[in-house]
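Here's the structure, in structure tokens; my notes come after.
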């Protein structure tokens, strides 16, 4: 069963969208396009469902019924790119997808996740402001399961659930913005730091002399 928040289903792992009427699909697409354009122009902090409805030319009730609240609209906007990202790390080419050693896939995943968060930084920052039920469901839950699975292969004697949280913690939209804007760190520096952290985490368990390089 998919996780829910306030009775609303949130981002599934991978799967086809639920069937919907043609007019409902058109309205949904129109609302998504308008909301995305408004966020590009004025930022995610200032978006309101009433204004989205007005610009999209649909009733306010339609927007609220479709998305529930701002958090629901944010998740829908994130979902537009999320499916492609999940397909890449679950079934795409290595090292992000299957076929590479687990340690390499952990590093590749964190690298790609930084790009993913930066691409929709404003939306992820909004999601991070939500309550913990929303913050740690949806995309985060998928990322955690994926990392924990890789860590189970890379270091089976470790606490994979804890380490997955530890590796995901720095990939935070607001933290990345602070590191970039206030500390002058480049995105490549952030990625390099995460790669080093992943190496320490995965090679800190079960390493023998023959494993060292």
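Residue numbers (full-length UniProt numbering): 1 to 213.
Glycine residues also receive a C-beta, built at the ideal position from the N, C-alpha and C atoms.
Tell me residue i's beta-bridge partners as DSSP assigns them.
i: residue 98; result: 100
Thinking C-beta only, is residue j closer than 9 Å to residue i?
i: residue 115; j: residue 144; result: no
i: residue 110; j: residue 98; result: no
i: residue 154; j: residue 102; result: yes
Identify whether residue i lies in helix, strand or coil by the three-state DSSP scheme.
i: residue 136; result: coil
i: residue 169; result: coil
i: residue 184; result: coil
i: residue 117; result: helix
i: residue 58; result: coil
i: residue 157; result: coil
How many Å lie between residue i and residue j at the Cα?
i: residue 198; j: residue 86; result: 20 Å
i: residue 74; j: residue 147; result: 24 Å
i: residue 193; j: residue 124; result: 21 Å
i: residue 156; j: residue 32; result: 42 Å
i: residue 60; j: residue 68; result: 11 Å
i: residue 80; j: residue 40; result: 15 Å
i: residue 158; j: residue 131; result: 29 Å
i: residue 175; j: residue 119; result: 15 Å
i: residue 186; j: residue 195; result: 14 Å
i: residue 168; j: residue 45; result: 24 Å
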